[in-house]
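Chemist: The structure is given below, and queries will be raised subsequently.
Residue numbers (the UniProt record's numbering): 1 to 307.
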């Protein structure tokens, strides 16, 4: 063995070992690729293709939107150009109209001055009309108020005329036996099976609206002489049915005097009498009504003269 071969033997072994290791690594890589790397690469390839497809779809959608935007922009440009053209046309027409207006104004300057003067006069007339309308409205309101007041006064005058006619009507009637404002009545009272004969006198005191307020007094004697009755009070008389009938509302205080051993009783009373004149123009009345006193209600009827 030569000296060079002795020194090259370890190098060869190293190279052989390195070659063997490389071959083993290549074989292991090929084996790993066959076992698991191929699946991963396939999955990565599919994911990449899916991403590319998504990007392609997004790109196509973006291109469609871009195309639509371009079309809209082109349409807007066409509209803008049309508007500019129409604006230029209108500017030309406006300028022509201005020129014609200036020429017409120069020709019609005197007429315009007259129109301005007439306009000022018209405005003044409008203001005057508005002022007169305001005054007219005020007058109409006042007239409506006056008419309302006049209707109220007419109504009151009619009521007063009715009252005046009612007040004057008795004056044309001649008194019968008694003065015009006085009266006397003879009445029979039926109370709980007992009879009482009454003599009542009355006198008008004052007018009270459509009626008359007056003073009355009554004395009576019970049947078979078992007792006496004295009453005094006020009455309010209201005419009915053309002065041929009247209603008298009475109220006051009465005292029944017992002639036997029973005590006397003093109690307030209230009553309603209806009067009717069978003969027109005469003050002779038929009387009937109710009388309440001492928790009992009695029937009274009879005749009266006067009032």
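Glycine residues also receive a C-beta, built at the ideal position from the N, C-alpha and C atoms.
(1) Helix, strand or coil: which one does DSSP assign to residue 263?
(2) Give the DSSP bridge partners of residue 239, in chain order.
(3) Mind checking whether residue 189 and residue 283 have CB atoms under 8 angstroms apart?
(4) Check whether the Cβ atoms of residue 200 and residue 180 lie closer than 8 angstroms to each other.
(5) Roughly how many angstroms separate the alpha carbons of residue 20 and residue 31, rounded to a whole number?
(6) Taking residue 284 as part of the beta strand (DSSP E), name the residues at either end of that continuous run.
(7) When DSSP builds the beta bridges, which residues end up paired with residue 204?
(8) Checking 8 angstroms against the spacing of the C-beta atoms, do residue 237 and residue 268 come in under that value?
(9) In terms of alpha-carbon separation, which member of 286, 266 and 295 lies closest to residue 247?
(10) Cβ atoms of residue 215 and residue 234: under 8 angstroms apart, would you say?
(11) Count the other CB atoms, across all protein chains shown, that sit within 10 Å of the CB of residue 202; report buried if there are 16 or more and exposed otherwise.
(12) Assuming residue 231 contacts residue 209 (C-beta within less than 8 angstroms), just tell me the rounded distance between them.
(13) Quick one: measure Cβ to Cβ for residue 244 and residue 280, integer angstroms, because I've assumed they're closer than 8 angstroms.
(14) So, residue 271 versus residue 257, is the Cβ gap smaller than 8 angstroms?
(15) Helix, strand or coil: how does DSSP classify residue 268 here?
(16) State the start and end residues of the unbroken beta strand (DSSP E) segment that holds residue 184.
Modeler: Looking at the atomic coordinates:
(1) coil
(2) 246
(3) Going by C-beta atoms, residue 189 is not nearer than 8 angstroms to residue 283.
(4) no
(5) 16 angstroms
(6) 284–293
(7) 214
(8) no
(9) 286
(10) yes
(11) buried
(12) Not quite, the Cβ-Cβ distance comes to about 25 angstroms (not below 8 angstroms), so this is no contact.
(13) Sure, about 6 angstroms apart at Cβ, within 8 angstroms.
(14) no
(15) Three-state result, residue 268: strand.
(16) Counting along the chain, the beta strand (DSSP E) containing residue 184 begins and ends at 182–191.
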